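In the UniProt record's numbering, the protein residues as written are 1 to 245.
Written as structure tokens, this is what we have:
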């Protein structure tokens, strides 16, 4: 029953977010602030991870191609499929659940502990809209981060495979183009959009409805990371089953 209560409370929160709207001028400032903190502030770690994980994927594929009959272009093909279909959308989103999700939970949770949320309500402001709506709008730019991740992942795979002497540049480019299906990009960005909504709302739920003091803020951040990751993985499975099966 506790889980059902939390799910119902979560959807009531979503409804409340789109209820009484805050002044447009205030929301505009908040949205740009959230884009800077949630999106631009995450580009560094995303770029670093994407480049080197792409290189590792290509390196592991190359080291396991022992059969001389298997074309070397398969290195690029395997890297492309791994990065576009799963690594960039899903793995990076789980990393972001730790970075962005914990930040959202702790920032809103701290406001709950210090009674700033109660103060907003007393002033007649819809605290759900004021705190969570800008985060949802900011996370609509999250697919841009994943596009950068895909690009840098493939660049890392290229550098690893070509500079490592496992494949020549022309073979790598040929492997990237081999059997490319445009629908796979739609699939990747569609689930990225869903992950963005999860990253904005699930941590916000744990921060907004937390109880206790400053110690509970840390516990709520940990809980939000776990549940955000769980929801992302389940959503990934459902979307994959619906769109690719």
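All C-beta atoms, glycine included, are put in the ideal place defined by N, C-alpha and C. From a predicted model like this one, the values you see are computed outputs, not experimental measurements.
**Item:** Own chain partners of residue 196 with C-beta closer than 6 Å, once the 5 adjacent residues on each side are dropped
**Value:** 139 and 142
In the DSSP assignment, find the unbroken alpha helix (DSSP H) run with residue 8 in it and report its ends.
2–17
*Pull up the distance between the alpha-carbon of residue 168 and that of residue 162, whole angstroms please.*
6 Å
- prompt: Can you name, in chain order, every residue of its own chain whose Cβ lies under 7 Å from the Cβ of residue 80, other than the five neighbours on each side?
  reply: 154 and 176
Exercise. For the alpha helix (DSSP H) that residue 244 lies in, which residues bound it at each end?
Worked result: 214–244
Check: With burial defined as no fewer than 16 other Cβ atoms inside 10 Å of the residue's Cβ, what is the status of residue 38: buried or exposed?
Finding: buried
*Which same chain residues, not among the five before or five after residue 89, have their C-beta less than 7 Å away from its C-beta?*
146, 188, 191, 192 and 195
Distance between beta carbons of residue 128 and residue 108, contact taken as under 8 Å: Between residue 128 and residue 108 the Cβ distance is about 10 Å, and since that is not below 8 Å, they are no contact.
How many Å lie between residue 75 and residue 51 at the Cα? 16 Å
Q. When the Cα of residue 224 is compared with those of 184, 144, 209 and 24, which residue comes out closest?
A. 209
Which of helix, strand or coil DSSP assigns to residue 115:
coil
Self-check item: Inter-residue Cα distance where the pair is residue 77 and residue 65
Solution: 13 Å
On the three-state DSSP scale, how would you describe residue 148? helix
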